[in-house]
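Chemist: Those protein sequence lines, which keep their order, are chains L and X. Counting with UniProt numbering, you get residues 1 to 126 for the letters of the first sequence. Counting with UniProt numbering, you get residues 1 to 126 for the letters of the second sequence. Virtual Cβ for every residue (Gly too), placed ideally from N, Cα, C.
There are 2 protein chains.
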Amino acid sequence: MRIGELAERAGVSVRALRYYEEQELLASERSASGQRHYREDAVDRVQLIQMLYGAGLSSKTVAELLPCVDAKVNTPESRARLADERERINQQIIDLTRTRDRLDAVIELSQSPASGCTIVEEALYA
Amino acid sequence: MRIGELAERAGVSVRALRYYEEQELLASERSASGQRHYREDAVDRVQLIQMLYGAGLSSKTVAELLPCVDAKVNTPESRARLADERERINQQIIDLTRTRDRLDAVIELSQSPASGCTIVEEALYA
DNA sequence: CTTGCCTCTGACGTCAACGTCAGGTTCTAG
DNA sequence: CTAGAACCTGACGTTGACGTCAGAGGCAAG
């Protein structure tokens with residue numbers, strides 16, 4: 001498929017795909033006229049890249065990780081690298097969970113008419 | 001306390017604290033000579049700001065949320081706003097969990113000598 | 001009183017992941 | 001064959017959360 005179709009199917013912009021190639025995250029084959037062509041599994045690859053970006057990884061880190069994911073590289077170092085990033089993500093989940101719980105506490109307070117919030121309510125709806 | 005002490009105790013830079021004030025996330029009292037002074041609870045406030053930044057909220061969003069957290073504003077809209085952001089964070093946790101699980105699967109594969117990885121291992125250690 | 005650290009206000013620099021525009025080529029439908 | 005959509009390569013623009021530097025004033029210790 002060409003770049004436009006991949007962009008639509010993977011839910012990213014054409015510009016983003018060219019950027020991924022520039023960062024060596026995503027390869028493409030070129031036709032005689034120079035147009036990029038992708039295989040079906042490129043959709044999956046792009047979505048994985050998006051997942052890793054979403055986890056806060058930089059394109060440099062993703063570039064280092066992807067060969068491990070492809071199992072084209074499998075050394076003690078690459079396994080350690082994968083485990084490292086897994087731990088970072090896990091820690092991020094823990095942090096976010098704490099943030100969510102803190103917001104929950106705030107929401108709880110704002111909904112309880114027994115709290116000091118009632119003063120505000122009275123002021124607003126008196 | 002002055003800005004340097006707050007920065008150290010909250011684990012952020014002095015520049016960041018001035019930036020927070022500029023964004024109206026953190027107020028300060030000024031001495032006659034113009035120096036900023038903070039109360040003890042500013043440490044907590046800064047850490048909350050950091051948590052929200054860590055959850056991907058912009059300073060604009062944080063600025064809109066903080067009055068609700070302080071329970072200085074309590075309207076149906078502010079409660080909805082809080083619930084919205086809570087949901088965004090919750091969704092982020094779900095996404096991150098999927099990313100972590102995908103990495104776990106990759107790690108599992110790279111550790112199993114029964115997989116195609118053994119070919120790579122042989123190539124590397126033959 | 002002066003040395004040295006802390007603080008102040010601008011204001012420009014940075015970095016990543018693209019957005020966007022220019023100017024030109026290529027593919028496809030009719 | 002031709003219009004219009006899709007594609008190409010530069011290359012400059014954008015945004016947020018600060019970093020960093022300049023120039024000047026403030027404060028505690030000796």
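Please report the residue range of the alpha helix (DSSP H) in which A83/L lies.
Modeler: In the first sequence, the residue the question calls residue 83/L occupies position 83. P76 to Q111 is the extent of the alpha helix (DSSP H) around A83/L.
Chemist: Taking Cβ positions, are M51/L and T61/X nearer each other than 7 Å?
Modeler: Numbered from its first residue, the first sequence carries residue 51/L at position 51. Numbered from its first residue, the second sequence carries residue 61/X at position 61. No, they are not a contact pair.
Chemist: Closest Cβ-Cβ distance between V69/L and chain X: below 7 Å?
Modeler: By one-based count along the first sequence, residue 69/L stands at place 69. It does: the Cβ of V69/L has a partner Cβ on chain X nearer than 7 Å.
Chemist: So for A126/X, helix, strand or coil by DSSP?
Modeler: On the second sequence, residue 126/X is found 126 positions in, with the first residue counted as 1. Any answer about A126/X is weak, because its pLDDT of 33 lies below 50 and its placement is not dependable; what the coordinates show is given next. A126/X falls in the coil class under three-state DSSP.
Chemist: Starting from V69/X and walking both ways along the alpha helix (DSSP H), at which residues does that stretch end?
Modeler: Locating residue 69/X in the second sequence gives position 69, where the first residue counts as 1. Looking at the DSSP string, the run of the alpha helix (DSSP H) that includes V69/X is S59 to V69.
Chemist: Output needed in chain order: residues of the region 85 to 119 of chain X with a Cβ under 8 Å from some Cβ in chain L.
Modeler: Listed by position along the chain: E85, R86, I89, N90, Q92, I93, D95, L96, T97, R98, T99, R100, R102, L103, D104, V106, I107, L109, S110, Q111, S115, G116 and C117.
Chemist: Cβ-heavy atom distance between Q92/X and the ligand MN below 6 Å?
Modeler: This structure simply doesn't include the ligand MN, nor any ligand for that matter.
Chemist: Tell me whether the beta-carbon of G63/L lies closer than 7 Å to the beta-carbon of E24/L.
Modeler: Indexing the first sequence from 1 puts residue 63/L at position 63. Indexing the first sequence from 1 puts residue 24/L at position 24. Strictly speaking, residue 63/L in this sequence is Ala, with Gly absent from that position. A contact, by the Cβ cut-off of 7 Å.
Chemist: In the UniProt domain "HTH merR-type" (1 to 68) of chain X, which residues sit with their C-beta less than 8 Å from some C-beta in chain L, listed in chain order?
Modeler: Here the close residues are L48, M51, L52, G54, A55 and C68.
Chemist: As a quick exercise: from G4/L, G54/L and V46/L, pick the residue whose alpha carbon is nearest that of residue 129/X.
Modeler: Summary: the structure shown does not reach residue 129/X, with chain X confined to residues 1 through 126, and so no result is reported for it.
Chemist: Between which two residues does the alpha helix (DSSP H) holding Q50/X run?
Modeler: Here residue 50/X is taken as the residue at index 50 of the second sequence, counted from 1. Unbroken alpha helix (DSSP H) run through Q50/X: A42 to G54.
Chemist: I believe S112/L touches A71/X by the beta-carbon criterion, under 8 Å. Please report the beta-carbon distance rounded to the nearest angstrom.
Modeler: Working through the first sequence from its first residue, we reach residue 112/L at position 112. Working through the second sequence from its first residue, we reach residue 71/X at position 71. In fact, because the Cβ distance is near 11 Å, the residues do not count as touching under 8 Å.
Chemist: Can a CB atom of chain X be found closer than 7 Å to the CB of R79/L?
Modeler: The residue labelled residue 79/L in the question sits at position 79 within the first sequence. Cβ-Cβ to chain X under 7 Å: yes for R79/L.
Chemist: Would you give the residue range spanned by the alpha helix (DSSP H) that E8/X belongs to?
Modeler: Position 8 of the second sequence holds residue 8/X. First-last of the alpha helix (DSSP H) with E8/X: I3 to A10.
Chemist: Mind checking who R30/L pairs with in its DSSP beta bridge?
Modeler: Indexing the first sequence from 1 puts residue 30/L at position 30. R36/L.
Chemist: Going by beta carbon distance, what residues of the same chain come within less than 6 Å of C68/L, once the five residues before and after it are set aside?
Modeler: For the purposes of this step, residue 68/L is taken as the residue at position 68 of the first sequence. Same-chain partners within the cutoff: S78 and L82.
Chemist: Could you give the distance in angstroms between the alpha-carbon of residue 215/L and the alpha-carbon of H37/X?
Modeler: Look at the range of chain L in this structure, 1 to 126, and you will see that residue 215/L is not part of it.
Chemist: Straight-line CA distance for A105/L to R86/X?
Modeler: For the purposes of this step, residue 105/L is identified with residue 105 of the first sequence, where counting begins at 1. For the purposes of this step, residue 86/X is identified with residue 86 of the second sequence, where counting begins at 1. Distance between the alpha carbons of A105/L and R86/X is about 11 Å.
Chemist: Can you tell me which of the three DSSP states V14/X falls into?
Modeler: Walking along the second sequence from the start, residue 14/X turns up at place 14. The answer is helix: DSSP assigns V14/X an H, G or I state.
Chemist: Does the distance from the C-beta atom of Y19/X to that of L26/X stay below 7 Å?
Modeler: On the second sequence, residue 19/X is found 19 positions in, with the first residue counted as 1. On the second sequence, residue 26/X is found 26 positions in, with the first residue counted as 1. Contact: no.
Chemist: Under 7 Å, do V12/L and I3/L count as touching if we go by C-beta distance?
Modeler: Within the first sequence, the letter at position 12 stands for residue 12/L. Within the first sequence, the letter at position 3 stands for residue 3/L. Cβ distance not < 7 Å, so V12/L and I3/L don't count as in contact.
Chemist: Measure the alpha-carbon distance for A7/L versus R39/L and round it to whole angstroms.
Modeler: Taking the first sequence and counting its residues from 1, the one referred to as residue 7/L is at position 7. Taking the first sequence and counting its residues from 1, the one referred to as residue 39/L is at position 39. Their backbone Cα atoms lie some 13 Å apart in a straight line.
Chemist: To the nearest angstrom, how far is it from the Cα of E5/L to the Cα of L48/L?
Modeler: The count along the first sequence starts at 1 and reaches residue 5/L at position 5. The count along the first sequence starts at 1 and reaches residue 48/L at position 48. Going from the Cα of E5/L to the Cα of L48/L covers about 17 Å.
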